[in-house]
């Protein structure tokens, strides 16, 4: 357990009290604050996923807040014991002054060592001098104009043709909280096909109940949802955090309509940037995102590990389990997946 410690001559680190209103105020006035930092994650992490949530605060000796860091402790079979800020999403690293961030990172490394964690991962948007960061994950960010017609005109003719394809097939896009369950059906099937246990439905239900910033959308073909996505609108940026399509419909390009529709909807809501979420550089997913004209933004996650293996490198056992999972009947995967997903930290 982390107790208050004097990590710097003028700063100490302690846990924030549950429900402290100053936490979210600090996040909202921080330039690098994100939805991933908000205190609402505590209830989801603890009550839905059964994790230990550790909200660290760097304060001056007279009690002034200078930085925050939400940590989640994860103990997972095959993957061991880890501390992550924040699992399940793409951001959540330390906020505050440079000195406060340094103090919080140093404290987190100390906690990882003292508690026997094999891995510490802080999912930052920018690097911190003096701490090793990995650029193995990348985001693609697209600047949005004020009107969707302007965005359409910017696209090359090939891209516009790809978007028109699902339209000609009669597909339609729907957005709203009522799309949560259609989203989940598509998402759960796609996760099975990828060989990965799916999050429980109540994870997304609680997201919708906790964060007004989250949106769910789905693409329908002949009355059936075949593509779906969900993401957060925060400070003028929309990030599509989860997106899936049913594989057999890929030749009809429902994913093109899905992304284009989300872009148009978020322009209407005042977004100025569209974040495609994280991917591994050079993969097909990364190239799909690049075709929309956005810019690559490396994610400078700080990582510390007590072992030689990369914190995010899957073991042979994990790869074998994933291959088996892909062949499970969907009903079986959806029944077994949520309990397992609660114990897996990396997604």
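Residue numbers (this note's numbering): 5 to 351. All C-beta atoms in this analysis are idealised placements derived from N, C-alpha and C, irrespective of residue type, glycine included. Everything numeric in this text was worked out from a predicted model, so none of it was measured.
Neighbour-count burial assignment, residue i, 16 or more Cβ in a 10 Å radius
i	result
residue 240	exposed
residue 150	exposed
residue 328	Below a pLDDT of 50, predicted positions are generally treated as unreliable, and residue 328, at 49, falls in that range; the measurement from the model is reported next regardless. It counts as exposed.
residue 352	Since the first residue of the chain shown is 5 and the last is 351, residue 352 is not available in this structure.
residue 245	buried
residue 118	exposed
residue 254	exposed
residue 70	buried
residue 160	exposed
residue 23	exposed
Beta-bridge partners of residue i, as assigned by DSSP
i	result
residue 242	237, 278
residue 176	224
residue 307	125
residue 186	DSSP lists no partner for residue 186.
residue 218	236
residue 19	60
Whether residue i touches residue j by CB criterion (8 Å)
i	j	result
residue 220	residue 190	no
residue 278	residue 65	no
residue 258	residue 175	yes
residue 55	residue 77	yes
residue 222	residue 187	yes
residue 115	residue 87	yes
residue 39	residue 309	no
residue 106	residue 305	no
C-alpha distance - residue i paired with residue j, whole-angstrom precision
i	j	result
residue 120	residue 59	19 Å
residue 100	residue 72	7 Å
residue 17	residue 143	31 Å
residue 14	residue 110	15 Å
residue 324	residue 196	With a pLDDT of 47 at residue 324, under the threshold of 50, the predicted position of this residue should be treated as unreliable, though the coordinate-derived value follows. Residue 324 and residue 196: Cα-Cα distance of roughly 14 Å.
residue 280	residue 139	17 Å
residue 19	residue 63	10 Å
residue 210	residue 48	7 Å
residue 249	residue 261	11 Å
residue 252	residue 286	24 Å
**Prompt:** Which residue spans inside the region 52-121 form an unbroken beta strand (DSSP E) run of at least 3?
**Reply:** Counting only runs of 3 or more, we get 56-64, 69-80, 84-89.
**Residue ranges of each beta strand (DSSP E) within the region 132-182, 3 or longer** = 142-147, 176-179
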